[in-house]
Amino acid sequence: MHAVGMVAEFNPLHNGHVYALQAARRLARADVVVVVMSGNFVQRGEPAIVDKWTRTRMALAAGADLVVELPVYDAVQSGSQFASGALAQLDSLGVTSLAFGTEGPELDYMALARNVQSLLGEQRDEFTDYRQTYASQLAAAINHETGSEVTAPNQMLGLSYALANLELSRPLRLIPFGRQGVDHDDPDLGPSGTMASASAVRSRIRQGVGIDALVPASTLAALGAVRTTSWQQLWPLLRYRLQTAAPAELTVIEQMAEGLEHRFQAAVGDANDFADFLRVVKSKRYTYARLRRLALAVTLNMRRGDVIRARHQRVTHVLGFTDAGRAYLQQVKKHVTLPLVSRVSRDMLEPDGPFGLIGRADALITTITGHEQNYGRVPIMEDLNDA
1 MHAVGMVAEF NPLHNGHVYA LQAARRLARA DVVVVVMSGN FVQRGEPAIV
51 DKWTRTRMAL AAGADLVVEL PVYDAVQSGS QFASGALAQL DSLGVTSLAF
101 GTEGPELDYM ALARNVQSLL GEQRDEFTDY RQTYASQLAA AINHETGSEV
151 TAPNQMLGLS YALANLELSR PLRLIPFGRQ GVDHDDPDLG PSGTMASASA
201 VRSRIRQGVG IDALVPASTL AALGAVRTTS WQQLWPLLRY RLQTAAPAEL
251 TVIEQMAEGL EHRFQAAVGD ANDFADFLRV VKSKRYTYAR LRRLALAVTL
301 NMRRGDVIRA RHQRVTHVLG FTDAGRAYLQ QVKKHVTLPL VSRVSRDMLE
351 PDGPFGLIGR ADALITTITG HEQNYGRVPI MEDLNDA
């Protein structure tokens, strides 16, 4: 069986994602679509709107065959680590191609990555203008050196995939395709009225506005059965952490740098809510996404040492599969390079175990939703004959 990989958050899964799953299967001529999906926390630095099991069910109903978890220590990171963690999962599972939607499907991402790899080696220390984000300085350097405009979010993510791909002993075939509908984070609906960004869908959910035309019926049903999560529930925890932690405790938090712990602690006292807090700490140097990720790491007490330890014990956590996905797992299970986990034991959740950090982070979602996220959970099995 031939598998194509996708990396996704499905936060939540909408009509654009259905198109992407279909495009990946068609363009790769694949028997199986393997999705590496962020767990309970996503790259923009917040909890996913619904838990990883609910989103797995959405994915399987929409065309995915096998869903595995991108753990929090890879999911809540900049594009480079996000991509590296995701490709490590696909590589272990014997996937030979990666399909992804982008604003620039015409770009040769591997050729661009080789140019950027050389550029980073030569100029990395020059990206120190504190009036600009690192990403904007890198994009300007790429344009100057190659003439390519790589500024849109999914173009940058595609480049991150290509750079991570260069590090693999067996690089994947990259299959970029054009995104359908609207731009990333666009608050408006597409012309057809059936396409919207995940950001727009989340906004409508929180405003109580209907999303029936924007998502598959299976997504609509799943959303109606569970409690949603957001920074509104996490804000009191972040505030408590910043008000009670010693600065030395914050300096060891993953991604903490350049004295941001002092900026965070100074800002929290006067902030009324999380949005207010972000406005106070924002500067031209840091994107809102970077600050949200850092705030989430503080809330979860995600320390650099914890992250290093977790990456040394990386596993493949199987969240769900169809009959085809199960058959594919049987085909590759003797050749995987990361341990396959279909049921999380208590030992795995110990602080020094492979799920120690994941379990600690997910305990927050268990508390909010009332549903256990790891211990004893088994993969969701989607029988498409009954769908």
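Going by full-length UniProt numbering, the sequence shown opens with residue 1, and the numbers climb by one from there. For each residue, glycine too, the CB sits at the ideal point set by N, CA and C. From a predicted model like this one, the values you see are computed outputs, not experimental measurements.
8 Å contact criterion, which residue i and residue j should meet: CB distance rounded
i, j, result
"residue 390", "Met-1", "This structure cannot speak to residue 390, because the chain is shown only from 1 to 387."
"Val-33", "Ala-23", "The pair is not a contact, with the Cβ atoms about 10 Å apart (cut-off 8 Å)."
"Leu-93", "Thr-316", "7 Å"
"Trp-231", "Phe-274", "4 Å"
"Leu-119", "Ser-148", "Not a contact, Cβ separation roughly 11 Å."
"Thr-251", "Arg-179", "At roughly 39 Å, the Cβ-Cβ gap does not stay under 8 Å, so Thr-251 and Arg-179 are not in contact."
According to DSSP, residues forming a beta bridge with residue i
i, result
"Val-344", "Tyr-375"
"Ala-3", "Val-32"
"Tyr-286", "Ser-283"
"Pro-176", "Phe-100"
"Thr-322", "Glu-382"
"Thr-316", "Leu-340"
"Pro-47", "Phe-41"
Closest Cα partner of residue i within the set the options
i, options, result
"Leu-27", "Gly-39, Asn-154 and Ile-175", "Ile-175"
"Leu-172", "Pro-236, Leu-90, Arg-114 and Gly-210", "Leu-90"
"Asn-40", "Thr-366, Met-381 and Asp-383", "Thr-366"
"Ala-99", "Ala-164, Ser-118, Leu-21 and Ala-62", "Leu-21"
"Ala-246", "Leu-237, Glu-254, Trp-235 and Gln-265", "Gln-265"
"residue 395", "Arg-263, Val-298 and Ala-289", "Outside the displayed range of the chain (1 to 387) lies residue 395, so it cannot be described from this structure."
"Gln-313", "Asn-15, Glu-249 and Ala-88", "Ala-88"
"Arg-309", "Glu-350, Leu-291, Thr-322 and Leu-159", "Glu-350"
"Leu-223", "Arg-57, Val-7, Ala-30 and Asp-31", "Arg-57"
"Leu-338", "Ser-97, His-371, Ala-30 and Ala-86", "Ala-86"
"Gly-16", "Asn-165, Gly-5 and Val-215", "Val-215"
"Glu-261", "Gly-193, Asp-306, Arg-241 and Thr-96", "Arg-241"
"Asp-51", "Tyr-19, Arg-303, Glu-382 and Asp-362", "Asp-362"
"Arg-239", "Leu-13, Leu-278 and Ala-162", "Leu-278"
"Arg-285", "Ser-218, Tyr-161, Ser-136 and Val-150", "Ser-136"
"Gln-81", "Leu-163, Asp-65 and Val-318", "Leu-163"
"Glu-106", "Val-7, Ser-84, Gly-63 and Val-150", "Val-150"
7 Å Cβ shell around residue i - same chain, five flanking residues per side excluded
i, result
"Ser-38", "Glu-9, Ala-48, Leu-70 and Ala-75"
"Val-344", "Phe-355, Asn-374, Tyr-375 and Arg-377"
"Lys-333", "Leu-340"
"Val-226", "Val-50, Asp-51, Thr-54 and Thr-369"
"Gln-331", "Met-1"
CB contact below 8 Å: residue i versus chain D
i, result
"Thr-54", "The structure shown contains no chain D; it holds only a single protein chain."
Other residues of its chain near residue i: CB distance less than 8 Å, five sequence neighbours each side excluded
i, result
"Asp-125", "In this prediction, Asp-125 has a pLDDT of 49, which is less than 50 and means its spatial position is unreliable; what the coordinates show is noted afterwards. Excluding residues within five positions, none has a Cβ falling inside 8 Å."
"Asn-11", "Ser-38, Val-42, Ala-48, Ile-49, Arg-55, Ala-198 and Arg-202"
"Leu-220", "Ile-211 and Asp-212"
"Ala-289", "Gln-43, Arg-44 and Gly-45"
"Trp-235", "Asp-273, Phe-274 and Phe-277"
Opening and closing residue of the alpha helix (DSSP H) in which residue i lies
i, result
"Pro-247", "247 to 251"
"Gly-356", "356 to 369"
"Gly-158", "153 to 166"
"Asp-91", "79 to 92"
"Ala-198", "198 to 207"
N-terminal and C-terminal residue of the beta strand (DSSP E) that residue i is part of
i, result
"Phe-10", "From DSSP, Phe-10 is part of no beta strand (DSSP E); its letter is neither H nor E."
"Ile-380", "380 to 382"
"Leu-70", "66 to 70"
Spatial neighbours of residue i in its chain, beta-carbon cut-off 6 Å, leaving aside the 5 residues before and after
i, result
"Leu-157", "Gly-79"
"Glu-258", "none"
"Gly-5", "Val-34, Leu-90, Val-95 and Leu-98"
"Gln-155", "Thr-102, Glu-103 and Gly-104"
"Tyr-19", "Gln-180"
"Val-307", "Tyr-73 and Glu-254"
"Asn-385", "Interpretation of Asn-385 is limited by its pLDDT of 47, a score under 50 that renders its predicted location unreliable; the figure taken from the coordinates is listed afterwards. So no residue of the chain qualifies."
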